[in-house]
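If you're matching positions, the sequence shown starts at 3 in our numbering and goes up one per residue.
Report on the structure given below.
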Amino acid sequence: MRHTTRELRLAAALVEAADTLAEGFEPGPYLRRVSDHCVDLLAARAAGIMLVDGGETVSFSTSTLRREVALELLEAQHGGGPCLDSYSSGRPVQPVSIRVAHANARWPAFTERALRHDIAATFAVPLRRRETLFGALNVFVPALSADPPLCTAEVLVAQALADAAAVGLDNHRAHTRSRTLSAQLQEALSSRVRIEQAKGMLAERWGVRADDAFTALRRYARRHRLPLDQVARSVIERRLGDGELRPGGDGAAGEPF
Numbered sequence: 003m004r005h006t007t008r009e010l011r012l013a014a015a016l017v018e019a020a021d022t023l024a025e026g027f028e029p030g031p032y033l034r035r036v037s038d039h040c041v042d043l044l045a046a047r048a049a050g051i052m053l054v055d056g057g058e059t060v061s062f063s064t065s066t067l068r069r070e071v072a073l074e075l076l077e078a079q080h081g082g083g084p085c086l087d088s089y090s091s092g093r094p095v096q097p098v099s100i101r102v103a104h105a106n107a108r109w110p111a112f113t114e115r116a117l118r119h120d121i122a123a124t125f126a127v128p129l130r131r132r133e134t135l136f137g138a139l140n141v142f143v144p145a146l147s148a149d150p151p152l153c154t155a156e157v158l159v160a161q162a163l164a165d166a167a168a169v170g171l172d173n174h175r176a177h178t179r180s181r182t183l184s185a186q187l188q189e190a191l192s193s194r195v196r197i198e199q200a201k202g203m204l205a206e207r208w209g210v211r212a213d214d215a216f217t218a219l220r221r222y223a224r225r226h227r228l229p230l231d232q233v234a235r236s237v238i239e240r241r242l243g244d245g246e247l248r249p250g251g252d253g254a255a256g257e258p259f
């Protein structure tokens, strides 16, 4: 089976888009690379990605090629444009002639800017992962590339890249949540171990039950408004003396265990 050069480049781009679980992953450079692949594979003038969260635009990522043009065209869509339409519907905005859209007063601010930069056509596809929408990918096509008219295949290539990017972002988000939860659980376990160790040390030194030693730790923590784990660490590191911990210590009225 023979594969065209573009098919091979697309396959490599999709594999790259899946690699989001590495240490030091940053969404900005990652999405810039996706935009660069769009420009390369579709012979576009520029491309950019608008991330949206809760209906509000949160960030832009643009292709390296003509970065200023792409950024200006994304920013011009605050009052409407292909990115927002694609995000709102969750469907692609098929290739649109900029001159026709401008004549029909469709996205006036955006189309005026696009005409200044000699953009002949544009289309957008959503960044989606099942029911989750992250934003949209916008492709800006110069006059030569728009003649003959763009075909469905170009939109499908862009959608494949956008889908891969959405999967990558979703995987990274899930990976980050998992690591955060794991760290929280590990810290909770470590805290519990330190408290048990401090209890054991005090019970042995004082010749009392572990529960009585724990009561002393807890009372000291409450009296000084400190986390119990912090008090336990001070006991383990011998920065907190018995006289302060025992009932009646540290100026407190004497209390039985």
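Note that beta-carbon positions come from the ideal geometry of N, C-alpha and C, so glycine has one too.
Item                                                                                                                                                                            : Value
How long is the line joining the alpha carbons of Gly-202 and Arg-224, rounded to whole angstroms?                                                                              : 20 Å
Are the beta-carbon atoms of Thr-66 and Arg-34 separated by less than 8 Å?                                                                                                      : yes
Give me the Cα-Cα distance between Phe-125 and Ala-168, rounded to the nearest whole angstrom.                                                                                  : 18 Å
For Leu-158 versus Val-36, is the C-beta spacing smaller than 8 Å?                                                                                                              : no
Using CA coordinates, which residue listed in Leu-219, Gly-209 and Ala-185 is at the minimum distance from Glu-198?                                                             : Leu-219
Using alpha carbons as the reference points, say which of Gly-30, Leu-129 and Thr-113 lies closest to Ser-61.                                                                   : Gly-30
By the 10 Å Cβ neighbour count, where 16 or more other Cβ atoms means buried, how is Ala-155 classified, buried or exposed?                                                     : exposed
In whole angstroms, give me the CA-to-CA distance for Arg-248 and Ser-192.                                                                                                      : 25 Å
So Pro-128 packs on Ser-88, CB below 8 Å; how close in whole Å?                                                                                                                 : 5 Å
On the DSSP letters alone, give me the boundaries of the alpha helix (DSSP H) that Asn-173 sits inside.                                                                         : 154-208
With 16 as the cutoff for other CB atoms within 10 Å, does Gln-232 come out buried or exposed?                                                                                  : exposed
Just reading off the alpha helix (DSSP H) that Ala-72 is part of, what are its end residues?                                                                                    : 69-77
For Asp-120, does the three-state DSSP call read helix, strand or coil?                                                                                                         : coil
Using the beta-carbon count (16 or more within 10 Å), is Val-17 buried or exposed?                                                                                              : exposed
Starting from Phe-27, follow the alpha helix (DSSP H) in both directions and report where the run begins and ends.                                                              : Phe-27 -> no alpha helix (DSSP H), and no H or E assigned at all.
Leaving aside the five residues before and after Arg-211 along the sequence, list all residues of the same chain whose C-beta is less than 7 Å from its C-beta, in chain order. : Ala-205
Report the partner residues of Arg-131 according to the DSSP bridge assignment.                                                                                                 : Thr-134
Is Leu-76 closer than 8 Å to Cys-85 when the C-beta atoms are compared?                                                                                                         : yes
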